[in-house]
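In the working numbering, the protein residues as written are 242 to 468.
Written out as structure tokens, the structure is:
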């Protein structure tokens, strides 16, 4: 229909069309638009690769990235994140690790926190718990609670409860934010999994206390100032 209307498939038009079709699950239509684009920039390639990866066609997404490189199109930060996510979802740990190292050497790209997050998730899901922890420790930026939670949860899944407990202690020492309810829930589950019910109860109480402080204290302070 786009062709019949005589719409010129360039720039944002084709990128948005591919994105729209992909999100609707119409990958065949998305691919037709992609194939009709003559001068494909990194945005066009990335949105098509992302569409494939989001619908479980991870190997096809990686193959398309290789095709993009052969067309001498340099990836950007989003492209790297999409390919790493595809490797993660397909369980391609070795390929993902090699890709992460390769893009830095070939393109001189500095990994972002999102890229590190994808790699930690990739390693953790694959059961490479020590490697994932080493990866976090080697990050040039300070890891956030989400990264630690990703690894801690993977430790629970892969029966690394002792490592999960040690990492949970480390997260607590770094100071869990009172707004970070996810960390309190995870800590409670970790302690329960190793039979430390007292610690579980203590963490749960702290989490509930912080929830009420965050939710109701501002209202009380406002009311007090009015009175």
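From the three backbone atoms N, C-alpha and C, an ideal C-beta is built for every residue, glycine too.
- Taking C-beta atoms as the reference points, residue 278 and residue 260 fail to come closer than 8 Å.
- Judged by pairs of C-beta atoms under 8 Å, the stretch 302 to 309 touches the stretch 320 to 327, as three or more such pairs exist.
- Around the CB of residue 312, fewer than 16 other CB atoms lie within 10 Å, so the residue is classed as exposed.
- Rounded to the nearest angstrom, the Cβ distance from residue 323 to residue 294 is 6 Å, consistent with a contact under 8 Å.
- When the alpha-carbon of residue 411 is set against those of 366, 386 and 381, the nearest one is in 386.
- Residue 383 sits in coil when the DSSP states are folded into three classes, being neither helix nor strand.
- By the neighbour-count definition (other C-beta atoms within 10 Å, threshold 16), residue 374 is a buried residue.
- Spanning the alpha carbons of residue 270 and residue 331 requires a straight line of approximately 24 Å.
- Taking the CA atoms as reference points, residue 273 sits about 45 Å from residue 427.
- In the DSSP assignment, residue 359 falls within the unbroken alpha helix (DSSP H) covering 354 to 366.
- Put simply, of 351, 390, 367 and 370 the residue whose alpha carbon is nearest the alpha carbon of residue 380 is 351.
- The C-beta separation of residue 396 from residue 388 comes to about 13 Å, leaving the pair out of contact by the 8 Å criterion.
- For residue 384, same chain residues with a beta-carbon under 6 Å away, outside a window of 5 residues either side, are 377 in chain order.
- In the three-state reduction of the DSSP assignment, residue 369 falls in the coil class.
- Bounds of the alpha helix (DSSP H) holding residue 293 are 283 to 295.
- Assignment of residue 349 by DSSP, reduced to helix, strand and coil, places it in the coil class.
- Close CB contacts of residue 362 within its chain, under the 6 Å cut and outside five residues either way in sequence, are with 329 and 391 (chain order).
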